[in-house]
Amino acid sequence: MEQLWGEAVVWISLALVSSLISLKVGISVALIELVVGIVAGNTIHPQISEWINFLASFGALVLTFLAGAELESRTLKKFWKESLVFGILSFAAPFGLSWFAAQFLLGWEQSAAQIAGLALSTTSVAVVYAVMIDSGLNEKPIGKLILAACFVTDLGTVIALGLLFTSFGLRFWIFVGATIVALWLLPKFTRFYLTRVNAHSSEPEVKYVYLVLLLLAYVAVSGGSEGVLPAYLVGMVLADTFLANKELIRRMRATTFALLTPFYFLKAGSLVDLKAVLASLGLVVLFFFSKTAAKFLGLYPAGAAFGFARRVNLYTNLMMSTGLTFGTISALYGLTHGIINKDQYSILVVVVILTAIVPTLIAQAFFEPKGRERDVLFEAKGGKQDVS
42 MEQLWGEAVV WISLALVSSL ISLKVGISVA LIELVVGIVA GNTIHPQISE
92 WINFLASFGA LVLTFLAGAE LESRTLKKFW KESLVFGILS FAAPFGLSWF
142 AAQFLLGWEQ SAAQIAGLAL STTSVAVVYA VMIDSGLNEK PIGKLILAAC
192 FVTDLGTVIA LGLLFTSFGL RFWIFVGATI VALWLLPKFT RFYLTRVNAH
242 SSEPEVKYVY LVLLLLAYVA VSGGSEGVLP AYLVGMVLAD TFLANKELIR
292 RMRATTFALL TPFYFLKAGS LVDLKAVLAS LGLVVLFFFS KTAAKFLGLY
342 PAGAAFGFAR RVNLYTNLMM STGLTFGTIS ALYGLTHGII NKDQYSILVV
392 VVILTAIVPT LIAQAFFEPK GRERDVLFEA KGGKQDVS
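Going left to right, the sequence shown walks through residues 42 to 429 as this note's numbering numbers them.
Structure (C-alpha coordinates):
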(Lines of atoms letter the chains of each structure in order from A; the text may use other names.)
(Lines give C-alpha, C1' and ligand atoms only; values in the text may rest on other atoms or scores of the structure.)
Protein backbone atom coordinates (compact mmCIF):
# COMPACT_ATOMS: atom_id res chain seq x y z
CA MET A 42 0.00 0.00 0.00
CA GLU A 43 2.89 2.36 0.71
CA GLN A 44 4.04 2.13 -2.92
CA LEU A 45 0.50 2.75 -4.18
CA TRP A 46 0.09 5.94 -2.14
CA GLY A 47 3.53 7.09 -3.21
CA GLU A 48 2.63 6.62 -6.88
CA ALA A 49 -0.65 8.47 -6.33
CA VAL A 50 1.16 11.43 -4.76
CA VAL A 51 3.49 11.70 -7.76
CA TRP A 52 0.73 11.54 -10.39
CA ILE A 53 -1.68 13.88 -8.61
CA SER A 54 1.18 16.32 -8.04
CA LEU A 55 1.86 16.31 -11.77
CA ALA A 56 -1.85 16.89 -12.43
CA LEU A 57 -1.94 19.83 -10.00
CA VAL A 58 1.20 21.39 -11.49
CA SER A 59 -0.38 21.07 -14.94
CA SER A 60 -3.55 22.82 -13.79
CA LEU A 61 -1.61 25.69 -12.22
CA ILE A 62 0.52 26.16 -15.34
CA SER A 63 -2.59 26.07 -17.53
CA LEU A 64 -4.23 28.69 -15.32
CA LYS A 65 -1.15 30.90 -15.59
CA VAL A 66 -0.43 30.67 -19.32
CA GLY A 67 -3.99 30.28 -20.62
CA ILE A 68 -3.35 27.11 -22.64
CA SER A 69 -5.61 24.04 -22.50
CA VAL A 70 -4.76 21.86 -19.52
CA ALA A 71 -4.76 18.75 -21.73
CA LEU A 72 -1.80 20.10 -23.69
CA ILE A 73 0.02 21.15 -20.54
CA GLU A 74 -0.51 17.66 -19.10
CA LEU A 75 1.04 16.14 -22.22
CA VAL A 76 4.08 18.42 -21.93
CA VAL A 77 4.42 17.84 -18.17
CA GLY A 78 4.14 14.11 -18.85
CA ILE A 79 7.02 14.31 -21.34
CA VAL A 80 9.20 16.18 -18.85
CA ALA A 81 8.34 13.77 -16.02
CA GLY A 82 8.80 10.69 -18.19
CA ASN A 83 12.32 11.76 -19.11
CA THR A 84 13.39 12.96 -15.64
CA ILE A 85 11.65 11.39 -12.65
CA HIS A 86 10.20 8.41 -14.58
CA PRO A 87 6.84 7.99 -12.74
CA GLN A 88 5.69 4.40 -12.35
CA ILE A 89 2.88 3.33 -14.72
CA SER A 90 1.00 0.69 -12.74
CA GLU A 91 -2.15 -1.20 -13.69
CA TRP A 92 -4.35 1.23 -11.78
CA ILE A 93 -2.79 4.12 -13.74
CA ASN A 94 -3.53 2.27 -16.98
CA PHE A 95 -7.13 1.72 -15.91
CA LEU A 96 -7.75 5.34 -14.91
CA ALA A 97 -6.13 6.53 -18.15
CA SER A 98 -8.23 4.17 -20.27
CA PHE A 99 -11.41 4.97 -18.36
CA GLY A 100 -10.66 8.67 -18.71
CA ALA A 101 -10.39 8.31 -22.49
CA LEU A 102 -13.67 6.38 -22.48
CA VAL A 103 -15.65 8.98 -20.53
CA LEU A 104 -14.05 11.91 -22.35
CA THR A 105 -15.02 10.38 -25.70
CA PHE A 106 -18.59 9.87 -24.46
CA LEU A 107 -18.81 13.50 -23.36
CA ALA A 108 -17.52 14.62 -26.76
CA GLY A 109 -20.26 12.62 -28.47
CA ALA A 110 -22.84 14.04 -26.07
CA GLU A 111 -22.10 17.55 -27.42
CA LEU A 112 -23.50 16.60 -30.84
CA GLU A 113 -27.24 17.04 -30.62
CA SER A 114 -29.30 15.84 -33.60
CA ARG A 115 -29.95 19.39 -34.83
CA THR A 116 -26.22 20.02 -35.28
CA LEU A 117 -25.61 16.70 -37.04
CA LYS A 118 -28.43 17.38 -39.48
CA LYS A 119 -27.15 20.90 -40.16
CA PHE A 120 -23.49 20.04 -40.71
CA TRP A 121 -23.62 16.42 -41.86
CA LYS A 122 -22.14 17.16 -45.29
CA GLU A 123 -19.19 19.20 -43.97
CA SER A 124 -18.50 16.70 -41.18
CA LEU A 125 -18.54 13.74 -43.56
CA VAL A 126 -16.29 15.37 -46.18
CA PHE A 127 -13.84 16.70 -43.59
CA GLY A 128 -13.77 13.39 -41.75
CA ILE A 129 -13.12 11.27 -44.85
CA LEU A 130 -10.42 13.60 -46.21
CA SER A 131 -8.82 13.87 -42.77
CA PHE A 132 -8.43 10.08 -42.74
CA ALA A 133 -7.62 9.32 -46.38
CA ALA A 134 -5.00 12.01 -47.10
CA PRO A 135 -2.55 11.29 -44.22
CA PHE A 136 -3.16 7.54 -44.46
CA GLY A 137 -2.11 7.51 -48.10
CA LEU A 138 0.83 9.91 -47.80
CA SER A 139 2.25 8.34 -44.62
CA TRP A 140 1.92 4.85 -46.11
CA PHE A 141 3.75 6.06 -49.24
CA ALA A 142 6.51 7.75 -47.22
CA ALA A 143 7.10 4.69 -45.03
CA GLN A 144 7.14 2.16 -47.88
CA PHE A 145 8.78 4.02 -50.74
CA LEU A 146 10.98 6.58 -48.98
CA LEU A 147 12.02 4.58 -45.92
CA GLY A 148 11.82 1.05 -47.32
CA TRP A 149 9.44 -0.35 -44.70
CA GLU A 150 7.55 -3.54 -45.50
CA GLN A 151 4.10 -2.92 -46.96
CA SER A 152 2.23 -4.10 -43.87
CA ALA A 153 4.45 -1.99 -41.58
CA ALA A 154 3.93 1.02 -43.85
CA GLN A 155 0.17 0.47 -43.65
CA ILE A 156 0.37 0.52 -39.85
CA ALA A 157 2.29 3.81 -40.11
CA GLY A 158 -0.43 5.19 -42.35
CA LEU A 159 -3.16 4.12 -39.94
CA ALA A 160 -1.36 5.48 -36.87
CA LEU A 161 -0.92 8.87 -38.53
CA SER A 162 -4.37 9.06 -40.15
CA THR A 163 -6.22 9.73 -36.92
CA THR A 164 -7.48 12.74 -35.06
CA SER A 165 -7.87 12.86 -31.29
CA VAL A 166 -11.41 13.33 -30.05
CA ALA A 167 -10.06 13.40 -26.49
CA VAL A 168 -7.59 16.23 -27.13
CA VAL A 169 -9.98 18.21 -29.32
CA TYR A 170 -12.84 17.93 -26.83
CA ALA A 171 -10.65 18.97 -23.90
CA VAL A 172 -9.48 22.04 -25.84
CA MET A 173 -13.05 22.87 -26.88
CA ILE A 174 -14.22 22.76 -23.26
CA ASP A 175 -11.39 25.05 -22.13
CA SER A 176 -12.13 27.55 -24.90
CA GLY A 177 -15.93 27.26 -24.77
CA LEU A 178 -16.08 26.33 -28.47
CA ASN A 179 -17.86 23.07 -27.67
CA GLU A 180 -21.12 25.03 -27.73
CA LYS A 181 -20.32 26.85 -30.99
CA PRO A 182 -20.91 25.62 -34.57
CA ILE A 183 -17.19 25.29 -35.32
CA GLY A 184 -16.58 23.15 -32.23
CA LYS A 185 -19.48 20.81 -32.95
CA LEU A 186 -18.48 20.41 -36.60
CA ILE A 187 -14.88 19.57 -35.69
CA LEU A 188 -15.98 17.00 -33.09
CA ALA A 189 -18.31 15.32 -35.60
CA ALA A 190 -15.60 15.26 -38.29
CA CYS A 191 -13.06 13.83 -35.82
CA PHE A 192 -15.37 10.90 -35.18
CA VAL A 193 -15.71 10.18 -38.91
CA THR A 194 -11.91 10.22 -39.24
CA ASP A 195 -11.34 7.80 -36.37
CA LEU A 196 -14.14 5.55 -37.60
CA GLY A 197 -12.29 5.35 -40.92
CA THR A 198 -9.12 4.31 -39.09
CA VAL A 199 -10.94 1.57 -37.17
CA ILE A 200 -12.61 0.22 -40.31
CA ALA A 201 -9.35 0.28 -42.29
CA LEU A 202 -7.46 -1.50 -39.49
CA GLY A 203 -10.13 -4.18 -39.47
CA LEU A 204 -10.17 -4.61 -43.25
CA LEU A 205 -6.38 -4.76 -43.56
CA PHE A 206 -5.36 -6.81 -40.55
CA THR A 207 -8.16 -8.37 -38.51
CA SER A 208 -10.67 -11.09 -39.18
CA PHE A 209 -14.32 -10.38 -38.51
CA GLY A 210 -15.12 -13.36 -36.33
CA LEU A 211 -18.20 -14.23 -34.31
CA ARG A 212 -17.27 -11.99 -31.38
CA PHE A 213 -16.93 -8.99 -33.70
CA TRP A 214 -20.43 -9.47 -35.05
CA ILE A 215 -21.74 -9.94 -31.50
CA PHE A 216 -20.18 -6.56 -30.70
CA VAL A 217 -21.79 -4.97 -33.77
CA GLY A 218 -25.19 -6.45 -32.93
CA ALA A 219 -24.99 -5.51 -29.25
CA THR A 220 -23.99 -1.95 -30.13
CA ILE A 221 -26.86 -1.53 -32.61
CA VAL A 222 -29.38 -2.83 -30.08
CA ALA A 223 -27.93 -0.61 -27.33
CA LEU A 224 -28.02 2.50 -29.52
CA TRP A 225 -31.67 1.78 -30.36
CA LEU A 226 -32.79 1.14 -26.77
CA LEU A 227 -30.69 3.63 -24.81
CA PRO A 228 -32.40 6.96 -25.70
CA LYS A 229 -35.86 5.93 -24.50
CA PHE A 230 -34.66 3.91 -21.53
CA THR A 231 -32.26 6.64 -20.40
CA ARG A 232 -35.00 9.28 -20.41
CA PHE A 233 -37.20 6.94 -18.37
CA TYR A 234 -34.35 6.10 -15.97
CA LEU A 235 -33.37 9.74 -15.38
CA THR A 236 -36.93 10.72 -14.47
CA ARG A 237 -37.05 7.90 -11.90
CA VAL A 238 -33.72 8.45 -10.11
CA ASN A 239 -34.16 12.25 -10.04
CA ALA A 240 -30.68 13.54 -9.10
CA HIS A 241 -30.11 11.58 -5.89
CA SER A 242 -26.96 12.45 -3.92
CA SER A 243 -25.49 9.01 -4.65
CA GLU A 244 -25.26 9.98 -8.36
CA PRO A 245 -27.14 7.00 -9.86
CA GLU A 246 -27.23 8.80 -13.24
CA VAL A 247 -23.44 8.95 -13.46
CA LYS A 248 -23.03 5.34 -12.34
CA TYR A 249 -25.56 4.28 -14.97
CA VAL A 250 -23.55 5.97 -17.73
CA TYR A 251 -20.32 4.43 -16.45
CA LEU A 252 -21.88 0.96 -16.45
CA VAL A 253 -23.14 1.33 -20.02
CA LEU A 254 -19.75 2.56 -21.24
CA LEU A 255 -17.78 -0.16 -19.46
CA LEU A 256 -20.12 -2.92 -20.64
CA LEU A 257 -19.94 -1.84 -24.28
CA ALA A 258 -16.17 -1.31 -23.99
CA TYR A 259 -15.82 -4.91 -22.77
CA VAL A 260 -17.91 -6.22 -25.67
CA ALA A 261 -15.95 -4.05 -28.13
CA VAL A 262 -12.52 -5.18 -26.96
CA SER A 263 -13.57 -8.83 -26.86
CA GLY A 264 -14.78 -8.40 -30.46
CA GLY A 265 -11.47 -6.99 -31.63
CA SER A 266 -12.53 -3.33 -31.70
CA GLU A 267 -11.87 -0.49 -29.24
CA GLY A 268 -13.94 0.69 -26.28
CA VAL A 269 -13.86 4.36 -27.22
CA LEU A 270 -15.79 3.70 -30.45
CA PRO A 271 -19.12 2.70 -28.83
CA ALA A 272 -18.54 5.37 -26.17
CA TYR A 273 -18.71 8.08 -28.83
CA LEU A 274 -21.78 6.53 -30.44
CA VAL A 275 -23.56 6.29 -27.09
CA GLY A 276 -22.77 9.94 -26.45
CA MET A 277 -24.25 10.89 -29.82
CA VAL A 278 -27.54 9.03 -29.36
CA LEU A 279 -27.93 10.42 -25.83
CA ALA A 280 -26.86 13.97 -26.75
CA ASP A 281 -30.37 15.45 -26.87
CA THR A 282 -31.22 13.84 -23.52
CA PHE A 283 -28.07 15.00 -21.76
CA LEU A 284 -28.01 18.50 -23.20
CA ALA A 285 -31.45 18.95 -21.67
CA ASN A 286 -29.83 18.09 -18.33
CA LYS A 287 -26.79 20.38 -18.33
CA GLU A 288 -26.23 19.98 -14.58
CA LEU A 289 -25.60 16.26 -15.07
CA ILE A 290 -23.09 17.00 -17.85
CA ARG A 291 -21.40 19.55 -15.59
CA ARG A 292 -21.02 17.00 -12.77
CA MET A 293 -19.60 14.39 -15.13
CA ARG A 294 -17.13 16.88 -16.59
CA ALA A 295 -15.97 17.87 -13.11
CA THR A 296 -15.23 14.26 -12.16
CA THR A 297 -13.62 13.46 -15.49
CA PHE A 298 -11.32 16.48 -15.71
CA ALA A 299 -10.37 16.40 -12.03
CA LEU A 300 -9.55 12.70 -11.67
CA LEU A 301 -9.58 10.72 -14.92
CA THR A 302 -8.22 12.69 -17.87
CA PRO A 303 -5.04 13.91 -16.11
CA PHE A 304 -3.90 10.29 -15.95
CA TYR A 305 -4.69 9.80 -19.64
CA PHE A 306 -2.76 12.83 -20.89
CA LEU A 307 0.09 12.61 -18.37
CA LYS A 308 0.63 8.94 -19.15
CA ALA A 309 0.59 9.62 -22.91
CA GLY A 310 3.23 12.30 -22.50
CA SER A 311 5.39 10.14 -20.26
CA LEU A 312 5.71 7.54 -23.04
CA VAL A 313 7.74 9.94 -25.19
CA ASP A 314 11.41 8.97 -25.06
CA LEU A 315 13.35 12.12 -25.94
CA LYS A 316 16.49 10.05 -26.57
CA ALA A 317 14.59 8.04 -29.17
CA VAL A 318 13.30 11.27 -30.71
CA LEU A 319 16.81 12.68 -31.05
CA ALA A 320 18.22 9.39 -32.35
CA SER A 321 15.56 9.20 -35.08
CA LEU A 322 14.93 12.90 -35.54
CA GLY A 323 14.87 12.69 -39.34
CA LEU A 324 12.18 10.00 -39.34
CA VAL A 325 10.13 11.85 -36.73
CA VAL A 326 10.23 15.04 -38.79
CA LEU A 327 9.36 13.16 -42.00
CA PHE A 328 6.34 11.43 -40.48
CA PHE A 329 5.21 14.56 -38.64
CA PHE A 330 5.13 16.62 -41.81
CA SER A 331 3.68 13.80 -43.91
CA LYS A 332 0.69 13.79 -41.59
CA THR A 333 0.24 17.53 -41.07
CA ALA A 334 0.91 18.43 -44.71
CA ALA A 335 -1.54 15.78 -45.91
CA LYS A 336 -4.19 17.05 -43.52
CA PHE A 337 -3.70 20.60 -44.76
CA LEU A 338 -3.69 19.66 -48.45
CA GLY A 339 -6.86 17.63 -47.98
CA LEU A 340 -8.82 19.87 -45.62
CA TYR A 341 -7.97 23.46 -46.49
CA PRO A 342 -9.31 23.33 -50.08
CA ALA A 343 -12.44 21.57 -48.80
CA GLY A 344 -13.00 24.29 -46.20
CA ALA A 345 -12.52 26.96 -48.86
CA ALA A 346 -15.00 25.17 -51.13
CA PHE A 347 -17.56 25.14 -48.31
CA GLY A 348 -16.99 28.88 -47.83
CA PHE A 349 -15.30 28.71 -44.43
CA ALA A 350 -13.89 31.97 -43.11
CA ARG A 351 -10.08 31.86 -43.43
CA ARG A 352 -9.32 31.89 -39.70
CA VAL A 353 -11.94 29.22 -39.03
CA ASN A 354 -10.54 27.10 -41.87
CA LEU A 355 -6.98 27.28 -40.51
CA TYR A 356 -8.15 26.53 -36.98
CA THR A 357 -10.14 23.52 -38.21
CA ASN A 358 -7.14 22.21 -40.16
CA LEU A 359 -4.85 22.44 -37.15
CA MET A 360 -7.28 20.89 -34.68
CA MET A 361 -7.93 17.97 -37.02
CA SER A 362 -4.16 17.41 -37.32
CA THR A 363 -4.09 16.17 -33.73
CA GLY A 364 -3.72 12.50 -32.90
CA LEU A 365 -3.48 10.37 -29.79
CA THR A 366 -5.90 7.59 -28.86
CA PHE A 367 -6.43 5.67 -32.10
CA GLY A 368 -2.93 6.55 -33.31
CA THR A 369 -1.28 4.83 -30.35
CA ILE A 370 -3.81 1.98 -30.55
CA SER A 371 -2.91 1.34 -34.21
CA ALA A 372 0.82 1.44 -33.49
CA LEU A 373 0.43 -0.90 -30.51
CA TYR A 374 -1.61 -3.31 -32.63
CA GLY A 375 1.23 -3.43 -35.14
CA LEU A 376 3.81 -4.07 -32.41
CA THR A 377 1.89 -6.81 -30.57
CA HIS A 378 1.14 -8.64 -33.84
CA GLY A 379 4.73 -8.50 -35.09
CA ILE A 380 3.94 -6.16 -38.00
CA ILE A 381 6.35 -3.45 -36.83
CA ASN A 382 9.35 -3.66 -34.52
CA LYS A 383 9.94 -1.75 -31.29
CA ASP A 384 11.99 0.99 -32.96
CA GLN A 385 9.28 1.61 -35.55
CA TYR A 386 6.67 1.61 -32.79
CA SER A 387 8.62 4.18 -30.75
CA ILE A 388 8.96 6.49 -33.74
CA LEU A 389 5.24 6.30 -34.54
CA VAL A 390 4.16 6.90 -30.94
CA VAL A 391 6.47 9.90 -30.63
CA VAL A 392 5.04 11.40 -33.83
CA VAL A 393 1.46 10.70 -32.72
CA ILE A 394 2.01 12.44 -29.38
CA LEU A 395 3.79 15.38 -31.03
CA THR A 396 0.78 15.83 -33.31
CA ALA A 397 -1.39 16.04 -30.21
CA ILE A 398 0.71 18.96 -28.97
CA VAL A 399 2.23 21.05 -31.77
CA PRO A 400 -0.76 21.73 -34.07
CA THR A 401 -3.03 22.33 -31.09
CA LEU A 402 -0.65 24.81 -29.48
CA ILE A 403 -0.37 26.71 -32.78
CA ALA A 404 -4.15 26.67 -33.22
CA GLN A 405 -4.76 28.03 -29.72
CA ALA A 406 -2.00 30.61 -29.85
CA PHE A 407 -2.64 32.10 -33.30
CA PHE A 408 -5.93 30.95 -34.84
CA GLU A 409 -8.48 30.38 -32.08
CA PRO A 410 -11.66 32.26 -33.06
CA LYS A 411 -12.26 35.30 -30.86
CA GLY A 412 -15.28 37.51 -30.24
CA ARG A 413 -17.80 37.40 -33.07
CA GLU A 414 -15.57 34.96 -34.97
CA ARG A 415 -16.65 32.27 -32.52
CA ASP A 416 -20.17 32.34 -33.98
CA VAL A 417 -19.05 32.67 -37.61
CA LEU A 418 -18.46 29.60 -39.73
CA PHE A 419 -19.08 30.50 -43.34
CA GLU A 420 -17.92 33.52 -45.29
CA ALA A 421 -20.57 34.82 -47.67
CA LYS A 422 -19.96 36.31 -51.08
CA GLY A 423 -18.91 39.94 -51.07
CA GLY A 424 -16.73 39.46 -47.99
CA LYS A 425 -19.60 39.53 -45.51
CA GLN A 426 -19.71 36.76 -42.97
CA ASP A 427 -22.66 34.55 -42.17
CA VAL A 428 -23.38 33.56 -38.59
CA SER A 429 -24.30 29.89 -38.42
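Note that beta-carbon positions come from the ideal geometry of N, C-alpha and C, so glycine has one too.
Just so you know, these numbers come straight off a predicted model, no measurement behind them.
Boundaries of the alpha helix (DSSP H) harbouring residue 360: 351-360, taken from the DSSP string. Nearest in C-alpha terms to residue 112, of all of 178, 163, 141 and 85, is 178. Counting along the chain, residue 214 sits inside the alpha helix (DSSP H) bounded by residues 211-238. Spatial neighbours of residue 343 in its own chain (CB-CB distance under 7 Å, excluding positions within 5 residues in sequence) are listed in chain order as 126, 127 and 130. When only Cα atoms are considered, residue 411 and residue 238 end up about 40 Å apart.
Excluding residues up to 5 positions away in sequence, 100, 103, 104 and 107 lie with their Cβ nearer than 8 Å to the Cβ of residue 297 in the same chain. At least 8 Å separates the beta-carbon of residue 244 from that of residue 186.
The alpha carbon of residue 58 has as its nearest neighbour, out of 76, 235, 47 and 339, the alpha carbon of 76.
By the neighbour-count criterion, in which 16 or more other beta carbons inside 10 Å mark a residue as buried, residue 379 falls on the exposed side. If you draw a 10 Å sphere on the C-beta of residue 385, you find 16 or more other C-beta atoms in it, and that means buried.
Annotated as distal: residue 81 and residue 168, with beta-carbon spacing of 8 Å or more. If you look at residue 318, you'll find it in the alpha helix (DSSP H) that goes 315-320. The stretch 157-166 and the stretch 321-339 touch, with three or more beta-carbon pairs separated by less than 8 Å. Assignment of residue 411 by DSSP, reduced to helix, strand and coil, places it in the coil class. Three or more pairs of CB atoms, one per stretch, sit closer than 8 Å, so the stretch 257-277 contacts the stretch 200-214. Distance check between residue 323 and each of 381, 54 and 391 places 391 closest, using alpha-carbon atoms only.
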